[in-house]
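A quick write-up on the structure given underneath.
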Amino acid sequence: MPNAIISGTGFFVPPNVVTNHELAERYGIDTTHEWILQRTGIEARRFVDEGVGPSDLALHAAEQALASAGIRARDLGMIVFATLSSEHCFPGAGVHLQKKLGLCDGPDAPFVPALDVRNQCSGFLYGLATASSMVQSGNVEHVLLVGAEVHSHALDLSTRGRTVATLFGDGAGAVVVSASSEDRGVRGWWLGADGRHADVLSQKLWDIRKAPFIPQNAEGVGQLQPEMMFAQMDGKLVFRHAVERMIGSLFTAYSKKGLTHDDIDLFFFHQANLRINQYVADQLGIPHDKLVSNIQRYGNTTAATIPIMLAEASASGRLKRGMKIAMVAFGSGFTWGSAVVDW
Ligand code: ACO
1 MPNAIISGTG FFVPPNVVTN HELAERYGID TTHEWILQRT GIEARRFVDE
51 GVGPSDLALH AAEQALASAG IRARDLGMIV FATLSSEHCF PGAGVHLQKK
101 LGLCDGPDAP FVPALDVRNQ CSGFLYGLAT ASSMVQSGNV EHVLLVGAEV
151 HSHALDLSTR GRTVATLFGD GAGAVVVSAS SEDRGVRGWW LGADGRHADV
201 LSQKLWDIRK APFIPQNAEG VGQLQPEMMF AQMDGKLVFR HAVERMIGSL
251 FTAYSKKGLT HDDIDLFFFH QANLRINQYV ADQLGIPHDK LVSNIQRYGN
301 TTAATIPIML AEASASGRLK RGMKIAMVAF GSGFTWGSAV VDW
């Protein structure tokens with residue numbers, strides 16, 4: 001069985017920086033830089049321009065990841081696209097990225113398959129489990145795994161929506177997962193879900209059990225109330241479960257692989273809240289200098305978070321060949337996961 005190594009990384013964030021101050025000043029949200037910073041660690045996030053979708057962000061990240069893996073898009077056997085903010089209800093963002101990568105062009109178009117993963121903040125780790133399993137099965141040599149989000153166009157950027165709207169930002173990260181005979185790569189992944197809390201963090205644009213699935217007015221025009229249009233969250237409950245599940249998921253990884261955190265060189269925690277991550281690290285005795293963070297600059301970029309961190313840490317030289325890393329994420333569903341990789 002081949003090993004599944006991460007052979008390339010890439011990321012892209014849109015250039016438009018929106019600071020906490022700007023949320024108050026430009027959007028008129030009743031909030032302050034101090035409130036957001038103290039509660040979450042976020043100082044700024046990126047917002048896309050009108051007309052930009054997640055597959056556009058993903059294209060830049062994917063091109064970088066392919067270049068750093070030293071392969072062409074046509075060498076891919078599969079695309080796995082994790083996002084909660086696909087361009088449309090269906091099809092998912094994967095096929096848009098596939099076309100933008102030129103994989104439908106020319107007489108020898110490879111028509112590489114594209115799979116969509118929708119596990120929110122855990123999407124990258126669910127995608128990594130999928131991609132690495134495909135590679136290890138021997139059926140696929142290279143999988144492009146992307147996490148990309150355009151949150152900004154679906155945030156309630158008003159005081160009414162401030163609890164959620166101040167947390168999220170746009171961006172994309174990508175990795176190439178490749179078959180290798182080298183003794184490194186994805187050593188294990190552990191996923192979990194608790195559907196009892198499916199309503200606690202959700203965006204219910206429609207209810208398909210109802211006819212019509214979106215309320216209509218007398219003229220047949222769809223009518224969406226703000227609580228259906230925008231994500232709703234019980235932040236305190238999410239916080240509590242996030243801490244518990246992230247600790248539990250890391251413990252599972254340690255016990256399955258006979259590791260302690262002394263064996264791990266760097267930790268890549270999902271970036272929903274710096275306080276969650278510092279609390280988890282403190283509970284486990286992980287020194288803070290082993291935590292990679294980017295929430296300060298990008299906010300929560302959901303499925304894009306971990307691959308952006310991998311790409312940045314790799315580009316800066318902080319993440320080096322030979323290191324053992326652990327990743328862990330928790331999010332809407334609830335879903336969670338962890339993975340251990342020898343880089
Ligand atoms: N600015 C100013 N005041 C605010 C803001 C804001 N941005 N947001 C909320 N408040 C107010 C509230 O209205 C409330 O006021 P009230 O007491 O008058 O009613 C007060 O601040 C406290 O609000 P809480 O929601 O109780 O604040 P809390 O301390 O819980 O912090 C936070 C909120 C930061 C969202 C926190 O609960 C959290 O981080 N939760 C976890 C988020 C998370 O992990 N999400 C999962 C990933 S996302 C995914 O999967 C898609």
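Start counting the sequence shown at 1; every next residue gets the next number (this note's numbering).
Positions of the beta carbon are idealized from the N, C-alpha and C atoms, including for glycine.
Remember, it's a predicted structure, so these values are computed and weren't measured experimentally.
The criterion of a C-beta distance shorter than 8 Å is not satisfied by residue 270 and residue 172. Of all C-beta pairs linking the region 155-172 to the region 22-30, three or more are shorter than 8 Å, placing the two stretches in contact. Taking the Cβ atoms as the reference, residue 176 lies roughly 6 Å from residue 144, within the contact range of under 8 Å. DSSP places residue 218 in the coil class of the three-state scheme, outside both helix and strand. Every unbroken stretch of the alpha helix (DSSP H) spanning 4 or more residues and falling wholly within the region 11-53 is given here in chain order: 20-25, 33-40. Its Cα nearest to that of residue 165, the residue 226 stands out among 57, 109, 226, 174. With respect to residue 185, residue 5 sits close: the two C-beta atoms are nearer than 8 Å.
In this structure residue 256 touches residue 188 by the C-beta definition: roughly 6 Å separates them, less than 8 Å. For a cut-off of 8 Å, the C-beta gap from residue 80 to residue 131 is around 5 Å, short enough to register as a contact. Inclusion of residue 300 in the 7 Å shell around the ligand ACO follows from its C-beta lying nearer than that to a non-hydrogen atom of the ligand. Assigned with DSSP and collapsed to three states, residue 312 falls in helix. Within the same chain, 329, 331, 335, 336, 337 come within 6 Å of residue 122 by CB-CB distance, once the 5 residues on both sides are set aside.
Residue 268 and residue 114 have their C-alpha atoms roughly 26 Å apart. Only exposed fits residue 217, as fewer than 16 other CB atoms lie within 10 angstroms of its CB. Look at residue 120: its beta carbon is less than 7 Å from one of the heavy atoms in the ligand ACO. Take residue 228, set aside five residues on each side of it, and the residues of its chain with a beta-carbon closer than 7 Å to its own are 204, 205, in chain order. Between the alpha carbons of residue 299 and residue 142 lies a gap of roughly 30 Å. Per DSSP, residue 240 is one residue of the alpha helix (DSSP H) stretching across 235-257. The region 36-53 makes no contact with the region 61-72: fewer than 3 CB pairs, one atom from each, lie closer than 8 Å. The Cβ atoms of residue 303 and residue 84 lie closer than 8 Å to each other. Under the 10 Å beta carbon count, residue 237 is surrounded by fewer than 16 other beta carbons and is classified as exposed. In this chain, residue 116 is not harboured by any alpha helix (DSSP H); it is covered by the beta strand (DSSP E) spanning 114-117. By the Cβ-count criterion, residue 153 is exposed, with fewer than 16 other Cβ atoms from all chains shown falling within 10 Å of its own Cβ. The Cβ atoms of residue 87 and residue 53 lie closer than 8 Å to each other. Secondary structure at residue 278: helix, using DSSP grouped into helix, strand and coil. When secondary structure is reduced to three states using DSSP, residue 147 falls in the strand class. One thing to note: residue 296 has its Cβ no nearer than 8 Å to the Cβ of residue 288. Here residue 323 carries a coil assignment [DSSP, helix/strand/coil]. Contact annotation: residue 63 and residue 10 have beta-carbon atoms nearer than 8 Å. Boundaries of the alpha helix (DSSP H) around residue 127: 123-136. Judged by the Cβ position, residue 217 fails to qualify as a neighbour of the ligand ACO at the 7 Å threshold, every heavy atom of the ligand being at least this far. Between residue 306 and residue 124, the C-beta spacing is below 8 Å. Taken through DSSP and simplified to helix, strand or coil, residue 283 comes out as helix. Check the Cα spacing between residue 249 and each of 47, 75, 327: the tightest is with 327. Going by C-alpha positions, residue 242 is about 30 Å away from residue 15. Look at residue 291 here: in three-state DSSP terms it is strand.
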